[in-house]
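Colleague: Right, I'll just put the structure down here and ask away after.
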Amino acid sequence: MNTLAAAPPIIVATTALLALMAGLFPQRLVRREGPTVIAIVGMLVAAVMSILLWGNRIVALGGGYRIDHLSVLFNLIFIGCAVITLLLSVNESSGVDRRGEYAALVTTATAGMILVAGAGDLIMIFLGIEILSVALYVLCALELWRERSLESGLKYLIVGAVGSSFLLYGLAFLFGTTGSVNLTKIGASLTQASFNTEPLLWIAVTLIIVGLGFKASAAPFHMWTPDVYEGAPTPVTAFMATATKAVAFVAFLRIFAGPLIDIVHTWQIAIGVVAAVSIIIGNVAALVQTNLKRMLAYSSIAQAGYLLIGVAAGTVQGAQAVLFYLLAYAAMTLAAFAVVIIREREVDNGEDLASFSGYGRARPFLGGIMTLAMLSLAGFPPLSGFIGKFLLFGAAAEQHLWWLAVIGALGSVISLGYYLRVVGVMWFGAAGDPEPRKLLNVSSPVTLSTAACGVAILGFAAFAGPLLTVCQQAAMSLLSP
Amino acid sequence: MLIGTLSTHHQATGVPLSWYLALSGAMFLLGLLGVLIRRNPLLLLLAVELMLNASNIALVGFSRYWNVSDGQIFALVVMVVAAAEVVIGLGLIVAVYRQRLALDVDALSRLKG
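Chains as they are written, first to last, in our numbering: chain C, 1 to 481; chain V, 1001 to 1113.
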């Protein structure tokens, strides 16, 4: 009966296999459209299944997987990101002859993410992160004929594997300190004994922060991010920037806000410092970028810093703020990348900021979405990005982490420089030199998903109240053993 | 503290935990050093492999110390994951090599034309 709780990951994993097989069918129509359709339908079924499980607290797979409010909420975030990524990649050149692999890899990565979100023990956290990482290495290098894509995949593989090794070594020491891989038991044994002076625990915490820092692309472990984001096919970059980041944070929350919450003093300062460094480096480096994908990469480093502030707070309010901001961040970032994807298909160097000159006047709809995304990322009230940042900084201030809140606010001010520059270039720039070759009719799935992201940015702000209740329930479920 | 008690706890039954940890720590640092100073992707993969296996030794050592099998299962999972990672890595290296090769061949034919 408990196996029912593991339905979401099982459904998504099965979907990946079906999508892979559909890509091998002899009929051209099935081969081209089948995998995407199957993947989207399968993931939506898993999403419905997750929603049906909302409110339950079930442990499955021998304690390895659990369904609670948090895992259901994250299932929906991951599936939403994956479905929008698949819709954005319709007619994308990287997938012309490898639809099957593309859809299957995105779905496999989603299955790995779902496992991390519901992880009940350390093995599942590591396994889930690796399943999604290995799928993403291949996705980055999918455009085999483009040298940059290959380079991006190889770089991501090496750095990702180093990050995984740090994480794994940390998890090994956490297991060694407590004698169990089960998160509940780890939490129990850490409350029982005094581990204040335990050197092994300090090593474990440090290594885990470094490992997850790599995955969340937080500074100073961010070196790979701009190169990989720039080289990978843009829909894959969008997926990495949103879903993968969310995974890193659910792992942070599952480990630190769960079993390690009682020894908050061992990790609070370390995570706070990583957050501060990320905010400063990300925002300052983003100021000088002229390539929009690189700019968004540095912006994502800064955003990871904001999110880490909520983790460092180590309270339910902090976790709640992280969850809300992750929702908002996913919508804003996907919207920005969606516009870049559309522009890339129109002109050759569509990822250059210069190619967006006057784009807003030529295409008010896309210009509007991009403006919305940029303003929300910068944290303009009343958009969802502002609400999220407000909650994050508030949670830090409540724990007397004033310095973090101040650095976060300063970082937001710096970030106005590059976010507003995009808006300015789009609406007030001289009519672009690289005009759209032809006013391409953007295919309807792409338009639909772009509009959905824009609506989500506004919707998350308009319905912030009920959404925050959901986030709070999810954050509370971290604490119940 | 744990480190102190390690040597006495299971001393009678074999290698003490601190030896496992020393070996795994040395291997991890060696791997990290390799990642930092090597520039050949094949050697980088080897170095990463060393880091992952350092964790395996720590896991198995801890598993023996606590007398539970969790760590050994973890180590088995890690082996599978490491193999998958290396396969992808080698595939990518071959793809890069082929692409460079193709480019060179292209240049040669252009000279002839």
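Ideal placement from N, C-alpha and C gives every residue a C-beta, glycine not left out.
With three or more beta-carbon pairs closer than 8 Å as the criterion, would you say the region 343 to 354 of chain C touches the region 286 to 297 of chain C?
Modeller: Counting Cβ pairs under 8 Å, three or more are found: they touch.
Colleague: Secondary structure at V59 of chain C, three-state DSSP: helix, strand or coil?
Modeller: V59 of chain C falls in the strand class under three-state DSSP.
Colleague: Does G1113 of chain V come out as helix, strand or coil in the three-state DSSP assignment?
Modeller: Model confidence at G1113 of chain V stands at a pLDDT of 41, short of 50, so the residue's coordinates are unreliable; what they give is reported in the following sentence. Coil, per DSSP.
Colleague: Distance, Cα to Cα, S217 of chain C vs V162 of chain C?
Modeller: Approximately 13 Å, taken between the alpha carbons.
Colleague: Can you list, in chain order, the residues of its chain whose CB lies under 8 Å from that of S278 of chain C, leaving out five sequence neighbours each side?
Modeller: Closer than 8 Å at Cβ, skipping near neighbours: A218, A219, H222, I301, A302, A304, G305, L308.
Colleague: Output, in chain order, the set of chain V residues within a Cβ distance shorter than 7 Å of E130 of chain C.
Modeller: In chain order: V1081.
Colleague: Mark G454 of chain C as exposed unless 16 or more other C-beta atoms lie within 10 angstroms of its C-beta, in which case mark it buried.
Modeller: So G454 of chain C ends up on the buried side.
Colleague: Should the region 1060 to 1070 of chain V be regarded as contacting the region 1083 to 1093 of chain V, the criterion being three or more beta carbon pairs within less than 8 Å?
Modeller: No, the region 1060 to 1070 of chain V does not touch the region 1083 to 1093 of chain V.
Colleague: Whole angstroms is fine: what's the gap from V172 of chain C's alpha carbon to G63 of chain C's?
Modeller: It is Ala, not Val, that sits at residue 172 of chain C in the sequence shown. So the alpha carbons of these two residues sit roughly 18 Å apart.
Colleague: Kindly indicate which residue of C:L87, C:I51, C:R57 has the alpha-carbon position closest to the one of L76 of chain C.
Modeller: For the residues C:L87, C:I51, C:R57, the minimum Cα distance to L76 of chain C belongs to C:I51.
Colleague: On a CA-only basis, which of C:A16, C:L44, C:R66 is nearest L4 of chain C? Give me that one, please.
Modeller: The option with the nearest alpha carbon to L4 of chain C is C:R66.
Colleague: Run through chain V and tell me which residues come within less than 9 Å of E147 of chain C, C-beta to C-beta.
Modeller: The contacting residues are V1096, Q1099, R1100, L1103.
Colleague: Any idea if W267 of chain C is buried or exposed, counting beta-carbon neighbours within 10 angstroms, 16 or more meaning buried?
Modeller: Its Cβ being crowded by 16 or more others within 10 Å, W267 of chain C is buried.
Colleague: Judging by CA-CA distance, which residue of C:K389, C:L326, C:M426, C:Y418 is the nearest neighbour of L366 of chain C?
Modeller: Here the closest residue by C-alpha is C:M426.
Colleague: May I ask you to list the residues that DSSP assigns as paired with I67 of chain C?
Modeller: Note: I67 of chain C sits in a beta bridge opposite C:I58.
Colleague: Could you check the C-alpha separation between G179 of chain C and F1062 of chain V for me, to the nearest Å?
Modeller: If I take the Cα positions, the gap works out to 8 Å.
Colleague: Under the DSSP definition of a beta bridge, which residues are partnered with D121 of chain C?
Modeller: BP columns for D121 of chain C point to C:N182.
Colleague: Would you mind listing the beta strand (DSSP E) stretches within the region 1073 to 1105 of chain V that are 3+ residues and don't spill past its ends, in chain order?
Modeller: Runs found: none.
Colleague: Output yes or no for whether 8 Å exceeds the beta carbon distance between A570 of chain C and I341 of chain C.
Modeller: In the structure as shown, chain C begins at 1 and stops at 481. Residue 570 of chain C is therefore absent and cannot be evaluated.
Colleague: Say whether the region 379 to 396 of chain C touches the region 319 to 338 of chain C, bearing in mind that this needs 3 or more beta-carbon pairs closer than 8 Å, one atom from each stretch.
Modeller: A contact exists between the region 379 to 396 of chain C and the region 319 to 338 of chain C.
Colleague: Using a beta-carbon distance cut-off of less than 7 Å, what residues from the region 133 to 163 of chain C approach chain V?
Modeller: For the region 133 to 163 of chain C, which is checked against every Cβ of chain V, the residues closer than 7 Å are V134, Y137, V138, A141, L144, E147, L150, G153, L154, L157, I158, A161, V162.
Colleague: Below 8 Å on the Cβ atoms is my guess for S149 of chain C versus G231 of chain C; work out the distance and round it to an integer in Å.
Modeller: Confirmed, Cβ separation roughly 6 Å.
Colleague: Determine the closest residue to A452 of chain C out of C:P466, C:A373, C:G379, C:S477, with distance taken between C-alpha atoms.
Modeller: Of the candidates C:P466, C:A373, C:G379, C:S477, the one whose C-alpha sits nearest the C-alpha of A452 of chain C is C:A373.
Colleague: Taking DSSP as the reference, what is the three-state secondary structure of D352 of chain C?
Modeller: Looking at D352 of chain C - three-state DSSP - the assignment turns out to be strand.
Colleague: Using only the alpha-carbon positions, how far apart do G358 of chain C and R345 of chain C sit?
Modeller: Approximately 17 Å between the Cα atoms of the pair.
Colleague: Taking its Cβ as the centre, do 16 or more other Cβ atoms sit within 10 Å of H400 of chain C, making it buried, or is it exposed?
Modeller: Burial call: exposed.
Colleague: With H, G and I counted as helix, E and B as strand and the rest as coil, what does DSSP make of N291 of chain C?
Modeller: Reduced to three states, the DSSP call for N291 of chain C is strand.
Colleague: First and last residue of the alpha helix (DSSP H) that includes T225 of chain C?
Modeller: Start and end: 224 to 231.
Colleague: Return the Cβ separation of Q317 of chain C and E398 of chain C in integer angstroms, given the expectation that the two are a contact with Cβ distance under 8 Å.
Modeller: So it is a contact: roughly 6 Å between Cβ atoms.
Colleague: Please report how far the alpha carbon of F74 of chain C lies from the alpha carbon of A117 of chain C, in whole angstroms.
Modeller: For F74 of chain C and A117 of chain C, the distance between alpha carbons rounds to 6 Å.
Colleague: Among residues of its own chain, excluding the 5 on either side of E12 of chain C, which ones have a beta-carbon nearer than 7 Å to its beta-carbon?
Modeller: The amino acid occupying residue 12 of chain C in the given sequence is Val; Glu does not appear at that position. Answer for V12 of chain C: G42, M43, A46, T107, T110, A111, I114, listed in chain order.
Colleague: How would you list, in chain order, the residues of chain V whose beta-carbon sits under 7 Å from the beta-carbon of L168 of chain C?
Modeller: The answer, in chain order, is L1052, S1055, V1078.
Colleague: Express the C-alpha separation of L1046 of chain V and R1038 of chain V in angstroms, rounding to a whole number.
Modeller: Their Cα atoms are separated by approximately 10 Å.
Colleague: How about F356 of chain C and L296 of chain C: do their beta carbons lie closer than 8 Å?
Modeller: No, they are not a contact pair.
Colleague: In the DSSP assignment, find the unbroken alpha helix (DSSP H) run with E198 of chain C in it and report its ends.
Modeller: Element bounds for E198 of chain C: n/a, residue is neither H nor E.
Colleague: Is H265 of chain C helix, strand or coil when you go by DSSP?
Modeller: Residue state, collapsed to three classes: helix.
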